[in-house]
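For reference, the structure discussed in these notes is given below.
Numbering (the working numbering), first residue to last: 743 to 984.
Structure, rendered in structure tokens:
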């Protein structure tokens with residue numbers, strides 16, 4: 743029985759990076775080898791959108807039917823209650839022209855009770871048939887995700903497929919894994935407060951800092967002081983009024 747040459751690959755089609763072109767929209771390679779794994783060479787910024795392109799190719803010898811592609815998003819449970827880091831599925835779109843028409847269900851595997859951010863989970867897309875004859879032997883989908891601002895670990899995204907090899911009624915399957923590094927960011931967020939007299943502060947702009955403290959800076963306009971309050975960035979901004 744001849745082997746199947748059905749394969750799946752993945753690439754970061756667009757993302758915001760820390761390179762000299764922070765609004766990069768072109769592919770960020772390398773792509774994964776067919777049914778293989780690889781790490782991209784460019785880090786992406788947390789708090790931004792990223793689009794994966796998943797491509798299924800049928801190099802014969804037979805058409806395949808009942809194709810199912812499952813994409814598993816990176817998600818990791820943090821020690822803080824109700825805080826799951828990673829990426830959240832935003833949208834999925836077919837890449838045209840396409841040799842197969844994929845239909846995608848809503849993401850699953852996200853528990854709102856401990857994951858209100860909606861990060862992680864999996865996405866399943868199905869298609870009835872993919873030809874073995876070019877140019878109709880290639881089908882691709884673009885999957886857009888949002889990278890949680892507090893995410894620091896590399897994004898490990900796996901896509902798998904299973905299908906049936908026509909004429910032989912034989913199941914075929916494969917998988918690919920793409921690891922994308924995340925650019926380092928500060929663990930702390932800061933807010934600047936202006937105090938014009940004892941017991942009175944009005945909030946100002948949000949800052950970023952690497953110091954876990956509150957310190958005053960005397961201003962030239964009398965007794966007004968500017969305070970900078972720092973705290974873990976993923977816990978929100980504390981209220982210092984009163």
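Built from N, CA and C at the ideal position, the CB exists for glycine as well.
Between residue 812 and residue 886, the gap from beta carbon to beta carbon reaches 8 Å or more. Proximity to residue 784 across 876, 869, 756 peaks at 756, based on C-alpha coordinates. Inter-residue distance for residue 770 and residue 794 is about 10 Å (C-alpha atoms, whole angstroms).
At the C-beta level, residue 804 and residue 874 come within 8 Å of one another. Taken through DSSP and simplified to helix, strand or coil, residue 754 comes out as strand. The beta carbon of residue 879 lies closer than 6 Å to those of 800, 841, 873 in the same chain, with the five residues before and after it left out. When C-alpha distances from residue 915 are compared across 895, 778, 850, the shortest belongs to 778. Assignment of residue 805 by DSSP, reduced to helix, strand and coil, places it in the coil class. Along the segment 845–908, the beta strand (DSSP E) occurs as fully enclosed runs of 3 or more residues at 864–872, 880–889, 897–907, listed in sequence order. Beta-carbon to beta-carbon, residue 918 and residue 807 are separated by about 21 Å, too far to satisfy the 8 Å threshold.
DSSP places residue 911 outside both helix and strand once states are collapsed to three, so it counts as coil. Inclusion of residue 829 and residue 857 in the CB contact set at 8 Å is not warranted, their separation being larger than that value. Here residue 843 carries a coil assignment [DSSP, helix/strand/coil]. Shown here, residue 790 sits in coil according to DSSP, grouped into three states, outside any helix or strand.
Counting only residues of its own chain and dropping the five nearest sequence neighbours on each side, residue 810 has a CB closer than 6 Å to the CB of 868, 904.
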